[in-house]
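Here the protein sequences come in this chain order: Z and D. So the mapping is simple: the numbering used here equals the position in the first sequence, first residue as 1, plus 1410. So the mapping is simple: the numbering used here equals the position in the second sequence, first residue as 1, plus 94. Where is the CB? At the ideal position from N, CA and C, for every residue including glycine. None of these values were measured; they are calculated from a predicted model. Each remark here refers to the structure printed beneath this line.
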Amino acid sequence: MTIPVLMAVDDDPESLGTLDDALRRRYGQDYLVISDASAGAALGRLQELRSAGREVALVMAGAAMAATPRAEFLARARSIAPAAKRVLVVPGAGRPRPACVFPCL
Amino acid sequence: MNARYRQGPGGPGRRDRTAAGHAASDHAPVLSGYDAELRRLNEVLRRAAGVQSGDHVVDVGCGTGQTTRQAARTAQAGSALGVDISAPAIERARELARAEGLRNVTFEHANAQVHRFPQERFDLAISRFGTMFFDDPVAAFANISRALRPAGRLVMMVWQAHERNEWDVAIHQSLGAAEGPASGASGGPDPFSLADPPAVTQILRAAGFADVAFTDVREPVFYGPDVAAALDWARGFTCTSEILKKLDPAAAARAVGRLREALAAHLSDDGVWFNSRAWIITARGGHPTAQAAST
């Protein structure tokens, strides 16, 4: 049985690591969590996942990404994985709250 | 465990009884169980893995740990971790490592598909027929990829297709299951699930690996020093016992007779051997996944 993919991308490795860890703890049994610190590499990975017939449930763009590349990343992600929900992570106080992702799935 | 037919306790398990309790230390004069069967293939994997002193190695589906101990000896100041979902196999692996006095080897009873390995810990992931039975291969290899350091290597041995493996063809023809591998027919775990290079390449790329390459390996497998021992070994395969269970006693006896004949036809001066075909699959990790600020 294959599980759908949650993808998180951010330019800041520390933020990404925190988000990745939180996502795995909360959703790791039901989703394949993939994190990438490069938008280009993430798009390549999305292509590979599509070739492998994987369902991508969610693509998250982190707060450390500049606005324009972030928007471009999400647009291109949509063209590769049109069924995936797309999420902008906005800066805020405290640690990421993965429970907030749940309503998006 | 290097199973072919059963995700036994330990994923790649092939037999109802695991190698646990049967496998001897590879320092012992006589190997038994899988270690004996796969000894020629084992040497090919050892060379391909090319463990270096100081390497940290993870051995996926390690069974009773022959390949893990082998890696640990070469790694010296490095380390080797073996994981397998068979608890008895892991217990046996620990006993054998203790008996040998190896201090840089550890074993964990775990499913490599979901186990929380330390991130970017290992230089090398190896497997001897321990990766064919994952429920979700992409998820499993992605998990292994995360455990590798950037540009860490994956070196694994898997079976090529059923029809290229004389041992499987002979067994199934003997048992009257000429339509194909019993595992496929029964819908059970497929020991040949990683036999197709394009499909495997796709899986590994989706999992974050690059530079996927295949090397054709042709080495015989050893079934026993004589026909009786070989028959005992082959009857221990889950596929064999499953087929025999479905037959009435007379038909089962005839099938066993045919199997004995097939084994006898492969008896040489040094025991019963069958040809086999396997792939050594290599890939490079280090897809810039989660630079994962270890949190």
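- [ ] For D229/D, go through chain Z and note every residue whose CB falls closer than 7 Å to its CB, in chain order.
- [x] Those within 7 Å of D229/D in chain Z are M1411.
TODO: Figure out for me which residue from E336/D, L242/D, K339/D and S173/D has the closest Cα to the Cα of A301/D.
DONE: L242/D
TODO: Tell me, please, whether the CB atom of P1414/Z is closer than 8 Å to any CB atom in chain D?
DONE: no
TODO: Hey, could you find the ends of the alpha helix (DSSP H) R378/D is sitting in?
DONE: Note, R378/D: premise wrong, no alpha helix (DSSP H); beta strand (DSSP E) at R371 to R378.
TODO: Would you mind working out which of L269/D, D229/D, N136/D and N259/D sits nearest A349/D, comparing C-alpha positions?
DONE: L269/D
TODO: Leaving aside the five residues before and after V1500/Z along the sequence, list all residues of the same chain whose C-beta is less than 7 Å from its C-beta, in chain order.
DONE: A1473
Task: Cβ-Cβ separation, M1411/Z to D229/D (assumed contact under 8 Å), whole Å - done: The pair is a contact, with the Cβ atoms about 6 Å apart (cut-off 8 Å).
Open item on the list: Pop quiz: A1462/Z and Q296/D are said to be a contact at Cβ under 8 Å. What is the actual Cβ separation, rounded to whole angstroms?
Closed with: 5 Å
Task: Sub-8 Å separation of A372/D and W253/D beta-carbons - done: yes
Open item on the list: Does any residue of chain D have a CB that is nearer than 8 Å to the CB of E1465/Z?
Closed with: no
Open item on the list: Under 8 Å, CB to CB, which of the residues in the segment 1457-1486 of chain Z have a partner in chain D?
Closed with: Hits within the stretch, in order: E1458, L1459, S1461, A1462 and R1464.
Task: Paired residues, beta bridge with H203/D - DSSP - done: D178/D
Task: Proximity of A166/D and L1442/Z at Cβ, strictly below 8 Å - done: no
Open item on the list: According to DSSP, is G365/D part of a helix, a strand, or is it coil?
Closed with: Here G365/D sits in strand by DSSP.
- [ ] Just mark Q160/D as buried or exposed, buried being the case when its beta carbon has 16 or more other beta carbons within 10 Å.
- [x] buried
TODO: Within its chain, find whatever has a CB closer than 6 Å to the CB of T309/D; leave out the 5 residues flanking it on each side and keep chain order.
DONE: Closer than 6 Å at the Cβ level, and outside the excluded window around T309/D, lie I374.
Open item on the list: Just list the residues that DSSP pairs F308/D with in beta bridges.
Closed with: Paired residue(s): I375/D.
- [ ] Using a cut-off of 8 Å between C-beta atoms, extract the partners of I1490/Z located in chain D.
- [x] Per Cβ cutoff of 8 Å: no residues; I1490/Z is ~13 Å from chain D at best.
Open item on the list: Any beta carbon from chain D within less than 8 Å of L1442/Z's own beta carbon?
Closed with: L1442/Z counts as touching chain D.
TODO: Spell out whether any CB of chain D is found under 8 Å from the CB atom of R1455/Z.
DONE: yes
TODO: Along the beta strand (DSSP E) that carries P244/D, what are the first and last residues, could you check?
DONE: L242 to W253
Task: Alpha carbon of L394/D to alpha carbon of L325/D, nearest angstrom - done: Nothing about residue 394/D can be reported from this structure: the residues present for chain D run from 95 to 389 only.
Task: DSSP-derived helix/strand/coil call for S287/D - done: coil
- [ ] Please work out which residues of its chain come closer than 7 Å, Cβ to Cβ, to F216/D, disregarding the five sequence neighbours upstream and downstream, and give them in chain order.
- [x] H150, V151, V152, A241, L242, R243 and G246
Open item on the list: Run through chain B and tell me which residues come within less than 9 Å of V177/D, C-beta to C-beta.
Closed with: The structure shown contains no chain B; the protein chains it does contain are Z and D.
TODO: Work out the CA separation of L361/D and Y317/D for me, nearest whole Å.
DONE: 9 Å
Open item on the list: Buried or exposed, going by whether 16 or more other CB atoms sit within 10 Å of the CB of Q267/D?
Closed with: Exposed.
- [ ] Could you tell me the boundaries of the beta strand (DSSP E) in which A347/D lies?
- [x] Premise fails: A347/D lies in the alpha helix (DSSP H), P343 to A358, not in any beta strand (DSSP E).
TODO: Give a yes or no on whether the minimum CB-CB distance between I374/D and chain Z is below 8 Å.
DONE: no
TODO: In angstroms with no decimal places, state the Cα-to-Cα distance between D364/D and G330/D.
DONE: 21 Å
- [ ] Mark R1488/Z as exposed unless 16 or more other C-beta atoms lie within 10 angstroms of its C-beta, in which case mark it buried.
- [x] Counting the other CB atoms within 10 Å of its CB gives R1488/Z a total below 16, which places it among the exposed residues.
- [ ] On the DSSP bridge assignment, give the partners of K1495/Z in chain order.
- [x] L1468/Z
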